[in-house]
Amino acid sequence: MAVSDAIIRACLLYEFKLGTKAAEAFRKICTAFGEGTIAERTGQKWFKKFSSGNENLEDEPRSGRPSIVNEDIKLAIEQDSSQTCQDLALRFNVSDETIRLHLHQLGKRWKLSKWVPYELSETNKLHRLTICSSLLSRHNLVPFFDVRRKMDCVLQQKTNISLASQ
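Each residue of the sequence shown is one higher than the last, beginning at 424 in our numbering.
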């Protein structure tokens with residue numbers, strides 16, 4: 424079971440307030456939650472933050488290029504599902520691979536020149552069920568899945584063709 428970062432940070436703050444050293448807190452957390460739960464250097468970083476008076480358990484904002492919001496891409500695809508990754512990349516000023524990754528996270532796949540959901544919706548499933556039921560009912564009335572019947576039709580057509588050519 425993976426332990427959330429929030430729980431680990433709360434444990435580190437608890438150990439810090441008790442006066443435990445960072446290395447000892449690291450050992451205790453790894454004993455309680457399993458080896459590799461936290462790196463010793465990560466524990467030291469949080470202890471340094473706590474000793475400066477900052478007891479906020481949230482990550483600091485990171486520098487670098489901000490990620491585009493999936494909602495913007497989702498809205499763009501809902502408006503026009505035939506847009507390509509290149510079109511969206513130009514629109515949002517990112518690489519087409521970034522667009523592809525975000526669309527994958529949204530569960531979209533490129534099929535028949537448009538972006539479609541990877542998973543079928545309940546409506547799609549119901550529609551497929553209705554079609555299958557209709558085909559089975561039709562087959563019960565006039566068996567069109569019967570291979571022998573198809574062979575008879577093919578033989579009949581060949582006979583008609585040969586008779587017509589005489």
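Backbone N, C-alpha and C define an ideal beta-carbon position, used for all residues, glycine too.
| Query | Result |
| --- | --- |
| Those runs of the alpha helix (DSSP H) which lie wholly inside the segment 436-512 and span at least 4 residues | 445-456, 463-474, 493-502 |
| C-alpha gap between L511 and N547, whole angstroms | 27 Å |
| Inter-stretch contact at 8 Å, needing at least 3 Cβ pairs: the segment 466-477 / the segment 496-506 | no |
| For P540: DSSP bridge partner residues | K531 |
| W469, buried or exposed, once every other Cβ within 10 Å from all chains shown has been counted against 16 | buried |
| Which of helix, strand or coil DSSP assigns to S427 | coil |
| Proximity of I452 and G442 at Cβ, strictly below 9 Å | no |
| Span separating the alpha-carbon of R485 from that of L552 | 49 Å |
| C-beta contact flag for T433 and L480 at 9 Å | The residue asked about is misnamed: residue 433 is Ala in this sequence, not Thr. Closer than 9 Å, so yes. |
| Length of the line joining the Cα atoms of S518 and H525 | 11 Å |
| Where R432 falls: helix, strand or coil (DSSP) | helix |
| As assigned by DSSP and simplified to three states, the class of S518 | coil |
| Burial state of M424, where buried means 16 or more other Cβ atoms lie within 10 Å | Confidence at M424 is low in this model, with a pLDDT of 49, below 50, so the placement of that residue should be treated as unreliable; the coordinate-derived value is given next. By the 10 Å Cβ count, M424 comes out exposed. |
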